[in-house]
Amino acid sequence: MKVLGYNLMQATHFAVEEISNDISLLPSVLLGYEMVDTCYMSNNVHPVLYFLSQDDYFPPIQEDYSHYVPRVVATTGPDNSESSMTVAHFLSLSLLPQVRPLGPGRGGWAGGQPSAFPEGSPPPPIPGVLDRGAEARSGHPPQPWQGS
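By full-length UniProt numbering, the letter at position 114 of the sequence shown is numbered 114, and the numbering carries on one by one without gaps.
Have a look at this one:
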């Protein structure tokens, strides 16, 4: 694992723990996380299937995933890499929100191809569909700072 990736992992762990332990920040909310390494083609599909499943590693095959609730509600993942494209395609099937890490030298498009998905965050097929998915998963309409 690269040093930067390890540092980002530590920062995420610290931030989630601080937010969960400070009741004044998000009252009645307990954040959780699972971290997996998806930065190599040989190990990126298995964790994605785990995230998309509920009780096992086998996500159901459905015609419409707009009301399906996977194990996680959002992901943050690798930046410019072929692995991020694979992960993004899988996660976009269930309309799972994806966040790409920002930092020095990180551009705006995966693999430098403007026609490809933005890094780790494919656009929704219909405007507002992520809002509806977030509302269905959380039971609350999205806040203005959450975006769609």
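For every residue, glycine included, the Cβ atom is placed at its ideal position computed from N, Cα and C. Here the structure is a predicted model, which means the values were calculated and not measured.
Euclidean distance between Cα positions of residue i and residue j
| i | j | result |
| --- | --- | --- |
| Ala-15 | Asp-37 | 19 Å |
| His-13 | Ile-61 | 32 Å |
| Leu-31 | Tyr-65 | 24 Å |
| Ser-83 | Met-41 | 6 Å |
| Pro-144 | Pro-97 | Low per-residue confidence applies at Pro-144: pLDDT is 48, beneath 50, and the placement is therefore not dependable enough to give any value. |
| Val-94 | Thr-75 | In the sequence as presented, Val is not what sits at residue 94; that position holds Ser. Using only the alpha carbons, I get a separation of about 12 Å. |
| Phe-58 | His-67 | 17 Å |
| Ser-24 | Tyr-33 | 20 Å |
| His-89 | Ala-11 | 26 Å |
| Met-35 | Glu-17 | 14 Å |
| Phe-51 | Ile-19 | 22 Å |
| Val-29 | His-46 | 29 Å |
| Asp-55 | Asp-22 | 30 Å |
| Tyr-6 | Glu-63 | 38 Å |
C-beta atoms of residue i and residue j nearer than 8 Å
| i | j | result |
| --- | --- | --- |
| Val-72 | Asn-44 | no |
| Pro-70 | Ser-53 | yes |
Minimum Cβ-Cβ distance from residue i to chain B less than 8 Å
| i | result |
| --- | --- |
| Leu-93 | As a matter of chain content, chain B is missing from the structure shown, which is built from one protein chain. |
Expected contact under 8 Å - CB spacing of residue i and residue j to nearest Å
| i | j | result |
| --- | --- | --- |
| Leu-91 | Val-48 | 7 Å |
Strand pairing of residue i, partner residues [DSSP]
| i | result |
| --- | --- |
| Gln-98 | Thr-75 |
heavy atom of the ligand SAM below 7 Å from residue i C-beta
| i | result |
| --- | --- |
| Asp-56 | With respect to the ligand SAM, the structure offers nothing, as it holds no ligand at all. |
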